[in-house]
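Residue numbers (the working numbering), protein chains in the order written: chain A, 1 to 236; chain B, 1 to 236.
By construction, the Cβ of each residue, glycine as well, lies at the ideal position given by its N, Cα and C atoms.
Number of protein chains: 2
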Amino acid sequence: MAGEDDGELKLIGQYGSAFVTRVKLALSLKGLSYEYIEEDLRNKSELLLRSNPVHKAVPVLIHRGKPICDSQVILQYIDEAFAGTGTGPSLLPADPYERSVARFWAAYIEDKLVPPWDRVFRATTDGEREEPLKQMFAAVDTLEGGLKECSKGKPFFGGDSVGYVDVVLGGAVSYAKAHDALFGAKLIDAAKTPLLAAWMERFCELDAAKAVLQDVDRVVEYAKMLIAKNAARASN
Amino acid sequence: MAGEDDGELKLIGQYGSAFVTRVKLALSLKGLSYEYIEEDLRNKSELLLRSNPVHKAVPVLIHRGKPICDSQVILQYIDEAFAGTGTGPSLLPADPYERSVARFWAAYIEDKLVPPWDRVFRATTDGEREEPLKQMFAAVDTLEGGLKECSKGKPFFGGDSVGYVDVVLGGAVSYAKAHDALFGAKLIDAAKTPLLAAWMERFCELDAAKAVLQDVDRVVEYAKMLIAKNAARASN
Numbered sequence: 001m002a003g004e005d006d007g008e009l010k011l012i013g014q015y016g017s018a019f020v021t022r023v024k025l026a027l028s029l030k031g032l033s034y035e036y037i038e039e040d041l042r043n044k045s046e047l048l049l050r051s052n053p054v055h056k057a058v059p060v061l062i063h064r065g066k067p068i069c070d071s072q073v074i075l076q077y078i079d080e081a082f083a084g085t086g087t088g089p090s091l092l093p094a095d096p097y098e099r100s101v102a103r104f105w106a107a108y109i110e111d112k113l114v115p116p117w118d119r120v121f122r123a124t125t126d127g128e129r130e131e132p133l134k135q136m137f138a139a140v141d142t143l144e145g146g147l148k149e150c151s152k153g154k155p156f157f158g159g160d161s162v163g164y165v166d167v168v169l170g171g172a173v174s175y176a177k178a179h180d181a182l183f184g185a186k187l188i189d190a191a192k193t194p195l196l197a198a199w200m201e202r203f204c205e206l207d208a209a210k211a212v213l214q215d216v217d218r219v220v221e222y223a224k225m226l227i228a229k230n231a232a233r234a235s236n
Numbered sequence: 001m002a003g004e005d006d007g008e009l010k011l012i013g014q015y016g017s018a019f020v021t022r023v024k025l026a027l028s029l030k031g032l033s034y035e036y037i038e039e040d041l042r043n044k045s046e047l048l049l050r051s052n053p054v055h056k057a058v059p060v061l062i063h064r065g066k067p068i069c070d071s072q073v074i075l076q077y078i079d080e081a082f083a084g085t086g087t088g089p090s091l092l093p094a095d096p097y098e099r100s101v102a103r104f105w106a107a108y109i110e111d112k113l114v115p116p117w118d119r120v121f122r123a124t125t126d127g128e129r130e131e132p133l134k135q136m137f138a139a140v141d142t143l144e145g146g147l148k149e150c151s152k153g154k155p156f157f158g159g160d161s162v163g164y165v166d167v168v169l170g171g172a173v174s175y176a177k178a179h180d181a182l183f184g185a186k187l188i189d190a191a192k193t194p195l196l197a198a199w200m201e202r203f204c205e206l207d208a209a210k211a212v213l214q215d216v217d218r219v220v221e222y223a224k225m226l227i228a229k230n231a232a233r234a235s236n
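This is the structure:
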């Protein structure tokens with residue numbers, strides 16, 4: 001539960017960001033309390049620009065005045081800085097080989113699922129969206145095997161409890177759920193990837209996840225606004 | 001120096017790969033011996049396909065029969081699996097915040113320097129090469145600040161000794177040195193990025209680096225061959 005140091009944690013985020021949701025999930029799972037600062041990305045704050053001068057992007061976690069940037073870097077920081085302080089199980093397992101398997105699949109999500117997902121939102125026509133959508137579905141198929149490898153028949157990528165890969169993928173579950181309403185097909189479909197579909201239901205039922213996951217309807221609205229903005233920019 | 005377990009280490013690599021060189025550097029710095037298996041990427045081996053079924057790519061480190069894939073995942077595995085076994089200093093520092101700073105810059109190299117570098121080699125005309133070349137130079141400029149932040153005036157990103165970021169960037173130094181011969185401009189130029197230029201000289205003088213860094217002339221020949229092949233493919 002919340003300890004003395006928690007007051008020294010600040011998170012600069014933005015509601016629509018799946019990367020920010022990863023960090024919220026990790027903080028929630030660890031039971032760490034923090035001050036949340038919602039950023040207006042059209043008018044970036046002095047605090048954001050000073051804290052993340054290289055990328056000028058969210059999320060940024062500030063711990064005792066020191067900024068940590070990049071969602072996966074922040075997750076590992078939370079895991080290491082608050083290790084053994086009674087704040088819930090480690091995200092990464094102790095065994096070096098199992099850690100490497102978790103890192104492999106987290107990198108897979110970052111390299112093979114996130115970039116086409118991003119292109120789907122930036123596409124300005126259905127035609128432009130076709131190829132990245134195909135790549136997303138292929139990545140989800142491969143990830144079904146990743147879940148099998150990581151979980152070894154247990155409920156989560158992390159085994160009996162939620163781990164690193166769960167959080168990395170978990171940040172995007174509201175977008176996964178919004179996919180059908182946005183693009184007319186389920187991204188995670190029990191008929192095609194039954195393990196992932198069951199995982200998603202289970203994950204969303206966790207108290208720590210319920211507390212921070214984005215509202216799916218609000219994500220749909222936010223995504224529609226983004227897509228319309230990109231389309232308008234392209235037609236100008 | 002080499003211990004009993006070292007005979008159980010195999011590295012599947014390819015001479016031209018900067019990612020493989022990262023792993024060779026880490027193994028060399030740790031004084032670990034291993035069996036090296038050169039892969040023919042035009043005719044991939046059963047061992048590679050079985051060891052890295054997701055990406056079918058090098059490097060793969062096999063430790064006691066278990067494969068570890070992705071160069072940054074492998075580097076962290078080596079650091080953790082051989083920690084405290086008298087095999088040289090840790091690549092990542094002990095302090096969680098300093099670890100996060102090193103991971104941030106390693107991710108920066110992967111996200112901002114490697115992709116345009118890749119596009120420079122895939123480009124089939126000088127015109128196509130212009131934009132990614134510009135991005136590479138911008139990334140190197142930013143990295144000059146990263147070296148300043150990480151090293152705090154000491155010789156390496158890792159401080160007094162070579163660390164994680166040194167190895168991640170170090171894998172590419174032969175390509176950095178080949179840049180002038182290939183594209184007519186120094187990538188790391190003492191006039192523009194004096195800290196990085198001095199770092200590169202210092203890094204290349206390390207015995208552990210000398211032992212494994214690719215020969216620059218051979219890299220130039222290999223890169224010319226790649227570029228010609230891509231250009232021929234595009235004109236067919």
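- A distance below 7 Å between beta-carbons, with the five flanking residues on each side excluded, links Ala223 of chain A to the following residues of its chain, in chain order: Phe121, Ala178 and Leu182.
- For a Cβ distance threshold of 7 Å, residue set Tyr77, Glu80 and Ala81 of chain B lies close to Pro96 of chain A, ordered along the chain.
- Taking Pro132 of chain A as the centre and dropping the five residues before and after it, the same chain places the C-beta of Pro116, Arg119 and Val120 closer than 6 Å to its C-beta, in chain order.
- Only those residues of the stretch 146-177 of chain A whose C-beta falls short of 7 Å from the nearest C-beta of chain B would be listed, and there are none.
- Only those residues of the stretch 102-121 of chain A whose C-beta falls short of 7 Å from the nearest C-beta of chain B are listed: Arg103, Phe104, Ala107 and Tyr108.
- Within chain B, the residues whose beta carbon sits less than 8 Å from that of Asp70 of chain A are Arg103, Phe104 and Ala107, listed in sequence order.
- When Cβ-Cβ separations below 8 Å define contact, Thr142 of chain A makes contact with chain B.
- Among the bridge pairs identified by DSSP, Cys69 of chain B is matched with B:Val60.
- Using a CB distance cut-off of 8 Å, Ser100 of chain A counts as an interface residue toward chain B.
- Gly171 of chain B counts as buried, since no fewer than 16 other beta carbons sit within 10 angstroms of its beta carbon.
- Under the three-state reduction of DSSP output, Tyr34 of chain A falls in the coil class, being neither helix nor strand.
- According to the DSSP secondary-structure assignment, Ile12 of chain B is paired through a beta bridge with B:Ile37 and B:Val60.
- Counted as a single uninterrupted DSSP element, the alpha helix (DSSP H) harbouring Asn230 of chain A occupies residues Val216 to Ser235.
- Three or more pairs of CB atoms, one per stretch, sit closer than 8 Å, so the stretch 20-36 of chain B contacts the stretch 155-174 of chain B.
- For Phe156 of chain B, the pairing in a beta bridge is given by DSSP as B:Gly159.
- When C-beta distances to chain A are compared with 8 Å, the residues of the stretch 38-60 of chain B below that value are Val54, in chain order.
- For Phe137 of chain B, the enclosing alpha helix (DSSP H) covers residues Asp126 to Ser151.
- In the three-state scheme derived from DSSP, where H, G and I count as helix and E and B as strand, Asp166 of chain B is classed as helix.
- Taking one beta carbon from each stretch, the stretch 35-54 of chain A and the stretch 68-83 of chain B have fewer than 3 pairs nearer than 8 Å; the two do not touch.
- For Ala94 of chain A, no alpha helix (DSSP H) run applies, since DSSP gives it neither H nor E.
- For Pro53 of chain A, there is no enclosing alpha helix (DSSP H), as DSSP marks it with neither H nor E.
- Between Lys66 of chain B and chain A, the shortest Cβ-Cβ separation is below 8 Å.
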